[in-house]
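To start, the structure itself, in structure tokens.
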Amino acid sequence: MWLGGAMFLLMDDPKDWVHRRVETVSFLDASSIRRKVSVDFDVPGVEARPAQGPALVPLALLEKRPLVNLDVRDESGASCPVLNAEENGFVTWSLLTRVAYQAVFSQLEGRPLPGHILDDLRVLAGAPAGEAAAKLEEIGCGLDPELRKRLELPLFKEYAESLATRFLLITELADDQRKRRVLKFSYTTQLEKAKKRRRERGLGMLGWTATQFDVGGHIVGEGQSYHVEFEGPPGLDVERAELFCADPLDTLDEGRLHSAQVVGSRAHMYASDEDLGVEGISSVWLRPPRPGLLRSSLVTAFVIVSVFFWFDDRIIDQGNRLAIPLLLIAPGLVASFIIRPGEHGLVTDLLAGVRAAIGLAALAAYAGAIAVAGGVSDSSLMKSWRILGIVAVVCFISLCVAYWQGARETEEEVSNGQESQSVHQAG
């Protein structure tokens, strides 16, 4: 019973001992992210630890799903032990038993909890999310109405619902003289793309709009303050970002939206004094920056279009039959070099439309050079030349839109960043 009581003291009021949590989200590839969280806290007092042995500290409440490359470290970088699935299930069962007993204490009159309730709670604590959620519906069956009614009170219901779909990440903290510690844990998880229509997805790949990504599960209410920082991959900038905080039972109108401070490929969001149980969903919008691929593609496409327009009425001139192919092949080669895949998988994914536009312009340049040098009849040459010129113009316009949108949204980003910085400093 002591173990459940100790966990209850720590989980019931985490603001009393957790000063702040800082999370950094970085993109590994097109489908996964790495989440790194540091927890700044006071070492639990004697009421929350045994007389002998290490203290058990719940660092976080995470979704019940496999964590890839989970790593827990202390201030010196040394690895910290965490409870395995069996040990974690026992601690969670002890916590649920303690909360259930407290909820129905007045009705038991000194009697222990019924055995089938203890068995159901054990399944709830250690089973996967789906099985645990099903068992949650059965808890209380067979009890007299008054006992069952008390198990439906928020005191027990909120803990049971939370621990049915989540698990406690618990580490063993050796006894030492330090009263304040900073532990860090990190893990890899799947990247959540915002559900968008195919049209919006296509516009993002063309560079016309930014592409939105969502990351949920921020444990905002389990500490005095919570910081979230995004690190965009090289080759992409963060256009804007925001953190939406709400209790799982709240409606969208009851949540709070926190803006971000954005600088280049990084975004920082901050929330403080949120109620226990409040969770956060952060959203970040990524787009290619104007310098680099976008600018190089635009300039190259402009050169290709200029050649098509300049020689529109001169391609049948025999003196231009050698010069024109050379003038087209040169920017075509540059375009071919530009469209090489990026090193980061997410960059390759989001810039597919931009690369397709400059690649199509390069193909138009090569086709024009071949048509001029290949001795095609004048009438066929004129017709082919103008069709290829139109293709190059369409590609150039697409790149112009992407470049202009990037310029306009960069100005808005700077303005919003200054405003959010003032709000952050005021907070």
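Quick note, this note's numbering runs 5 ahead of the 1-based positions in the sequence shown. All C-beta atoms, glycine included, are put in the ideal place defined by N, C-alpha and C.
Please classify Asp47 as buried or exposed, where buried requires at least 16 other C-beta atoms within 10 Å of its C-beta. exposed
What is the C-beta distance between Val352 and Pro238, in whole angstroms, given that I count them as a contact (C-beta under 8 Å)? 6 Å
For Gly285, list the residues DSSP reports as bridge partners. His223, Cys250
Rounded C-alpha distance that separates Lys20 from Glu279: 10 Å
What residue from Leu188, Phe313, Asp18 has the CA that sits closest to Leu178's CA? Leu188
Jot down the residue ranges of each uninterrupted alpha helix (DSSP H) in the stretch 13-47, minimum 4 residues, whole runs only, in chain order. none
Through-space distance from Ser270 to Phe235, alpha-carbon basis: 8 Å
Taking only three categories from DSSP, how would you classify Thr176? strand
In the DSSP assignment, the beta strand (DSSP E) including Asp125 goes from what residue to what residue? Premise fails: Asp125 lies in the alpha helix (DSSP H), 120-131, not in any beta strand (DSSP E).
Looking at C-alpha atoms only, which residue of Pro49, Val44, Asp45 is the closest neighbour of Ala11? Pro49
Whole-Å CB distance - Arg292 paired with Ala374, under 8 Å assumed: About 33 Å; that fails the 8 Å criterion.
Host alpha helix (DSSP H) of Val310 (start-end): 300-315
Can you tell which of Ser43, Asp125, Ser81, Leu196 has the C-alpha that lies nearest to the C-alpha of Ser31? Leu196
From the DSSP output, which residues share a beta bridge with Glu68? Arg171
Would you identify the three-state DSSP class for Leu211, choosing helix, strand or coil? coil
In chain order, what residues of the same chain have a beta carbon less than 7 Å from the beta carbon of Val289, not counting five sequence neighbours either side? Phe218, Phe235, Val243, Ala246, Ala272
For Ala138, I'd like the list of residues in its chain whose CB is within less than 6 Å of its CB, leaving aside the five on either flank, ordered along the chain. Ala169
Can you give me the C-alpha to C-alpha distance between Val304 and Ala340, rounded to a whole angstrom? 10 Å
CA-CA distance, Arg40 and Leu404? 34 Å
Looking at C-alpha atoms only, which residue of Ala306, Trp315, Asp317 is the closest neighbour of Ala335? Ala306
Burial state of Trp315, where buried means 16 or more other Cβ atoms lie within 10 Å: exposed
Could you give the distance in angstroms between the alpha-carbon of Val62 and the alpha-carbon of Thr97? 13 Å
Restricting to Cα atoms, I'd like to know which of Phe249, Leu355, His232 is closest to Thr29. His232
So what's Phe190 in DSSP terms, helix, strand or just coil? strand
Who are the near neighbours of Tyr106 in its chain, counting only those whose CB is closer than 7 Å to its CB and skipping five residues on each side? Leu118
Note the first and the last residue of the continuous beta strand (DSSP E) segment covering Leu75. 73-78
Buried or exposed, going by whether 16 or more other CB atoms sit within 10 Å of the CB of Lys140? buried
Quick one: Cα of Arg70 to Cα of Phe172, how far? 9 Å
Restricting to Cα atoms, I'd like to know which of Gly379, Leu332, Val359 is closest to Ala370. Leu332
Can you check DSSP and say which residues form a bridge with Gln229? Note: Gln229 sits in no beta bridge, so no partner.
Is Leu355 buried or exposed, if buried means 16 or more other CB atoms sit within 10 Å of its CB? buried
Which residue marks the beginning of the beta strand (DSSP E) containing Leu355, and which one marks its end? Element bounds for Leu355: not the beta strand (DSSP E) but the alpha helix (DSSP H), 350-355.
Using the Cβ count rule (16 or more neighbours within 10 Å means buried), how would you classify Asn89? exposed
Looking at the structure shown, is Leu156 part of a helix, part of a strand, or coil, going by DSSP? helix
Going by C-alpha to C-alpha distance, which of Phe313, Phe249, Gly297 sits closest to Glu284? Phe249
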